[in-house]
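Novice: Chains as they are written, first to last, in the numbering used here: chain A, 13 to 424; chain B, -2 to 171. Quick one: this structure, given as structure tokens, is what I'll be asking you about.
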């Protein structure tokens, strides 16, 4: 007769295996309270063995691929390089001007921050690393990089690219490190909406998207708004680019919150090189300070050039004296004919702006009308002064001048 | 006339593998999986370790060996992810056990059987991962897109057929 253990050997092995793994899972889930936190020492040991087995192969194949790409991009694919160089130089010049325009604001901002006692954290030191592999699973978004604790890396350090944030270091081994991407479902980051200054928590999803799902509906939040790191998570320094809002919709599972989907600035699916932030400081880094000084100098040069141009214009204006200006504007003795000739040449509806308008001819002259009084030499003592002669207008009165007297004197 | 009993069929068709193959093929599957998913994130839909676990289980026709092989491959896979170690280990242990049990009773050399088996086990793997994450680990945000899982099962089936034919050459008849 078969014993119980012999008869049910297969099932018992399966149950034992499942039980052992369930206990292992329970221990692991209990230990790191925070999602995405590094593992306990026993788990790290197992991961370390596997990573130490797999990463040499990954590094080898990555090295081959890198060499091929490097050879192609540095020797064969150099077409249009001069054109690109010219365009980039133009862009640098344009950016220098933009930087100069912003320098004053930046300096003022720093002064105000210092006055208010804000403790700003700037990226001081970074370590560049190459991505050598991933998890091989589409449900766990992690990367492996070719730098580890030997290069000064530690768990929970931020990983970025020039485009935006990528994730944080989870497990650090001597020569490699595991990066938990921001689109992993165990990932999280404190973020700030750029224009509305609303703070939220960014989370990854199973589908590899990043989203904010702890905000209530707000009409000020619009698609296209930039999302930045807030610095509240103590991992990412404040002000780094995260992405732009792609869509806003009610979250069916967490009412009354909204589900804000964010398009990551960095291409999280095709990363080749990343930067690990190994240190921050309260003051601007040396390079940034140099750039700021340069920008300030450019701004001062621009201001000096503008002031010189304005001074030259003022000198030019001073040459034309006030008397000349008045003389130009007052009518001269010959203005009658000239003005009439000018009026004839001027198209209808347009009037010369500088000439003083000549008075219209008098329609009903009297003895007070200029030119109506005869010269004294023609007068005789006791004689009756002649009736004032009707002044014949030199120019046909306009339609307006014909209408006005009729309106004023309806008897005519 | 001799009858083909359960025991005799298993004994006739049991295969073993050289230790180098037993050790290197799972590791190669995991390295290859990592490399292809690095080439394009869309290739992460393929599950080479699962295919290898099914192959070893149905070829050896021993539920104990199938369970242990599945567990080892699953744990290796888990060690490279950010998930707790044991999620894939448990799922592949169950699959290894069932695959080996099926391998005793049906002809696993047939292409149609292999295709159906891989399709079914791929779906079962997704279901087990869902249950472990949702029920055991309590991840409330864990969802399964079943259309995606169906596509995954189809892709794995297509990949599995040539892989099985390739690995058939490493078999050693007992």
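In this text, a Cβ means the ideal position worked out from N, Cα and C, and glycines have one as well.
Might you give, ordered along the chain, the residues of its own chain that have their beta carbon closer than 8 Å to the beta carbon of residue 403 (chain A), omitting 5 neighbours on each side?
Specialist: For the purposes of this step, residue 403 (chain A) is identified with residue 391 of the first chain, where counting begins at 1. The predicted position of residue 403 (chain A) is uncertain, since its pLDDT is 48 and thus under 50; a value taken from the coordinates is nonetheless stated next. Correct list, in chain order: 373, 374, 377, 381, 383 and 384.
Novice: Would you list, in sequence order, the uninterrupted beta strand (DSSP E) runs of no fewer than 3 residues that lie entirely inside the segment 112 to 154 of chain A?
Specialist: As far as the segment 112 to 154 of chain A is concerned, its whole beta strand (DSSP E) runs of at least 3 residues are 134 to 146.
Novice: Using the Cα positions of residue 55 (chain B) and residue 88 (chain A), report the straight-line distance between them to the nearest angstrom.
Specialist: Locating residue 55 (chain B) in the second chain gives position 58, where the first residue counts as 1. Locating residue 88 (chain A) in the first chain gives position 76, where the first residue counts as 1. Cα to Cα, residue 55 (chain B) sits roughly 50 Å from residue 88 (chain A).
Novice: Tell me which residue opens and which closes the alpha helix (DSSP H) that residue 133 (chain B) is part of.
Specialist: Position 136 of the second chain, counting from 1, holds the residue named residue 133 (chain B). Careful: residue 133 (chain B) lies outside any alpha helix (DSSP H) and carries neither H nor E.
Novice: Chain B partners of residue 18 (chain A), CB-CB under 8 Å?
Specialist: Within the first chain, the letter at position 6 stands for residue 18 (chain A). By Cβ distance, chain B contributes nothing, its closest Cβ being about 12 Å from residue 18 (chain A), past 8 Å.
Novice: Look up residue 183 (chain A) in the DSSP assignment and give the residues it is bridged to.
Specialist: Sequence index remark: in the first chain, residue 183 (chain A) carries index 171 (1-based). Its beta-bridge partners are A:190.
Novice: Is there a Cβ from chain A that is less than 8 Å from the Cβ of residue 152 (chain B)?
Specialist: Locating residue 152 (chain B) in the second chain gives position 155, where the first residue counts as 1. Closer than 8 Å: no.
Novice: Across which residues does DSSP place residue 285 (chain A) in a beta bridge pair?
Specialist: One-based indexing of the first chain puts residue 285 (chain A) at position 273. According to DSSP, which records beta bridges pairwise, residue 285 (chain A) is partnered with A:142.
Novice: Since residue 123 (chain B) contacts residue 141 (chain B) with CB under 8 Å, what's their CB separation in whole angstroms?
Specialist: Indexing the second chain from 1 puts residue 123 (chain B) at position 126. Indexing the second chain from 1 puts residue 141 (chain B) at position 144. Going by Cβ atoms, the distance from residue 123 (chain B) to residue 141 (chain B) rounds to 6 Å, so yes, they are a contact pair.
Novice: Taking the alpha carbon of residue 13 (chain B) as the point to measure from, which residue in B:66, B:37, B:86 and B:126 has its own alpha carbon closest?
Specialist: Along the second chain, read from residue 1 onward, the residue named residue 13 (chain B) stands at position 16. Measuring from the Cα of residue 13 (chain B), the nearest candidate turns out to be B:66.
Novice: Please report how far the alpha carbon of residue 244 (chain A) lies from the alpha carbon of residue 203 (chain A), in whole angstroms.
Specialist: Here residue 244 (chain A) refers to the residue found at position 232 when the first chain is read from its first residue. Here residue 203 (chain A) refers to the residue found at position 191 when the first chain is read from its first residue. Approximately 8 Å between the Cα atoms of the pair.
Novice: Any idea if residue 64 (chain B) is buried or exposed, counting beta-carbon neighbours within 10 angstroms, 16 or more meaning buried?
Specialist: Stepping through the second chain from its first residue, residue 64 (chain B) is reached at position 67. Looking at its Cβ environment, which holds 16 or more other Cβ atoms inside 10 Å, residue 64 (chain B) is buried.
Novice: Against chain A, which members of the segment 110 to 142 of chain B pass a CB distance test of less than 9 Å?
Specialist: Correct list: 126, 129, 130, 133, 134, 135, 136, 137, 138, 139, 140, 141 and 142.
Novice: What does the Cβ neighbour count give for residue 274 (chain A), buried or exposed, with the cut at 16 atoms within 10 Å?
Specialist: Translated into positions along the first chain, residue 274 (chain A) becomes position 262. That one is buried.
Novice: Assign residue 295 (chain A) to one of three DSSP states: helix, strand, or coil.
Specialist: Here the question's residue 295 (chain A) lines up with position 283 in the first chain. In this structure, residue 295 (chain A) counts as coil in the three-state DSSP scheme.
Novice: Would you verify that the beta carbon of residue 20 (chain B) is, or is not, closer than 8 Å to some beta carbon of chain A?
Specialist: Counting from one through the second chain, the residue named residue 20 (chain B) turns up at place 23. Output row for residue 20 (chain B): interface = no.
Novice: Give the range of the alpha helix (DSSP H) segment to which residue 105 (chain B) is assigned.
Specialist: Within the second chain, the letter at position 108 stands for residue 105 (chain B). Here residue 105 (chain B) belongs to no alpha helix (DSSP H), and DSSP marks it neither H nor E.
Novice: Could you tell me whether any non-hydrogen atom of the ligand HEM is closer than 7 Å to the CB of residue 117 (chain B)?
Specialist: By its list of ligands, the structure shown contains no ligand whatsoever, and the ligand HEM lies outside what it can speak to.
Novice: Of all the CB atoms in chain B, is at least one closer than 8 Å to the CB of residue 45 (chain A)?
Specialist: In the first chain, the residue the question calls residue 45 (chain A) occupies position 33. With a pLDDT of only 48 at residue 45 (chain A), under the threshold of 50, the placement of this residue in the model should not be trusted, and no figure is reported.
Novice: Counting Cβ pairs, one atom from each stretch, are 3 or more of them under 8 Å apart for the segment 99 to 112 of chain B and the segment 167 to 176 of chain A?
Specialist: No, because fewer than three Cβ pairs between the segment 99 to 112 of chain B and the segment 167 to 176 of chain A fall closer than 8 Å, the two stretches do not touch.
Novice: Could you give the first and the last residue of the continuous alpha helix (DSSP H) run that contains residue 146 (chain B)?
Specialist: As a first step, residue 146 (chain B) is located in the second chain; it is residue number 149 there, counting from the start. Its alpha helix (DSSP H) spans residues 143 to 165.
Novice: Go through its chain and collect everything with a Cβ distance to residue 137 (chain A)'s Cβ below 7 Å, but skip five positions before and after it.
Specialist: Within the first chain, residue 137 (chain A) is the residue found at index 125, counting from 1. Taken in chain order, the residues that qualify are 290 and 291.
Novice: Quick check on the burial criterion: 16 or more other C-beta atoms within 10 angstroms. Buried or exposed for residue 88 (chain B)?
Specialist: Here residue 88 (chain B) refers to the residue found at position 91 when the second chain is read from its first residue. Buried, because 16 or more other Cβ atoms sit within 10 Å of the Cβ of residue 88 (chain B).
Novice: Using Cβ-Cβ distances below 7 Å, what residues of the segment 30 to 49 of chain B are close to chain A?
Specialist: From the segment 30 to 49 of chain B, only 30, 31, 32, 34, 35, 38, 41 and 42 have a Cβ closer than 7 Å to chain A.
Novice: For residue 17 (chain B), would you say it is in contact with chain A, using Cβ-to-Cβ distances shorter than 8 Å as the test?
Specialist: Here residue 17 (chain B) refers to the residue found at position 20 when the second chain is read from its first residue. No, because no Cβ of chain A sits closer than 8 Å to the Cβ of residue 17 (chain B).
Novice: Applying the criterion that 16 or more other CB atoms from any shown protein chain within 10 Å of the CB defines a buried residue, is residue 161 (chain B) buried or exposed?
Specialist: On the second chain, position 164 is the one that residue 161 (chain B) refers to. Residue 161 (chain B) is buried by the Cβ-count criterion.
Novice: Could you check how far apart the C-beta atoms of residue 177 (chain A) and residue 252 (chain A) are, in whole angstroms? I think they sit under 8 Å.
Specialist: Residue numbering aside, residue 177 (chain A) sits at position 165 when the first chain is read from its first letter. Residue numbering aside, residue 252 (chain A) sits at position 240 when the first chain is read from its first letter. With 8 Å as the limit, residue 177 (chain A) and residue 252 (chain A) qualify as a contact, their Cβ atoms being about 5 Å apart.
Novice: In the DSSP assignment, what are the bridge partners of residue 98 (chain A)?
Specialist: Numbered from 1 along the first chain, position 86 holds the residue referred to as residue 98 (chain A). None, per the DSSP bridge assignment.
Novice: Roughly how many angstroms lie between the CA atoms of residue 91 (chain B) and residue 167 (chain B), to the nearest whole one?
Specialist: Within the second chain, residue 91 (chain B) is the residue found at index 94, counting from 1. Within the second chain, residue 167 (chain B) is the residue found at index 170, counting from 1. Taking the straight line from one Cα to the other gives about 24 Å.
Novice: Taking Cβ-Cβ distances below 8 Å as the criterion, which residues of the segment 180 to 203 of chain A are in contact with chain B?
Specialist: Answer in chain order: 182, 190, 192, 196, 197 and 198.
Novice: Going by beta carbon distance, what residues of the same chain come within less than 7 Å of residue 153 (chain B), once the five residues before and after it are set aside?
Specialist: As a first step, residue 153 (chain B) must be located in the second chain, where it is residue number 156. Answer for residue 153 (chain B): 43, 44, 47, 48, 115 and 119, listed in chain order.
Novice: In terms of alpha-carbon separation, which member of A:71, A:157 and A:263 lies closest to residue 183 (chain A)?
Specialist: Start at 1 with the first residue of the first chain, and residue 183 (chain A) comes out as number 171. Nearest C-alpha to residue 183 (chain A): A:157.
Novice: Buried or exposed: residue 31 (chain A), going by 16 or more other Cβ atoms within 10 Å of its Cβ?
Specialist: Translated into positions along the first chain, residue 31 (chain A) becomes position 19. Residue 31 (chain A) comes out exposed.
Novice: Helix, strand or coil, according to DSSP, for residue 328 (chain A) in the structure here?
Specialist: Stepping through the first chain from its first residue, residue 328 (chain A) is reached at position 316. The answer is helix: DSSP assigns residue 328 (chain A) an H, G or I state.
Novice: For residue 238 (chain A), which residues does DSSP report across the bridge?
Specialist: As a working note, residue 238 (chain A) is residue 226 in the first chain. According to DSSP, which records beta bridges pairwise, residue 238 (chain A) is partnered with A:256.
Novice: Could you tell me the alpha carbon to alpha carbon distance between residue 386 (chain A) and residue 336 (chain A), rounded to whole angstroms?
Specialist: Taking the first residue of the first chain as 1, we reach residue 386 (chain A) at position 374. Taking the first residue of the first chain as 1, we reach residue 336 (chain A) at position 324. Approximately 36 Å, taken between the alpha carbons.
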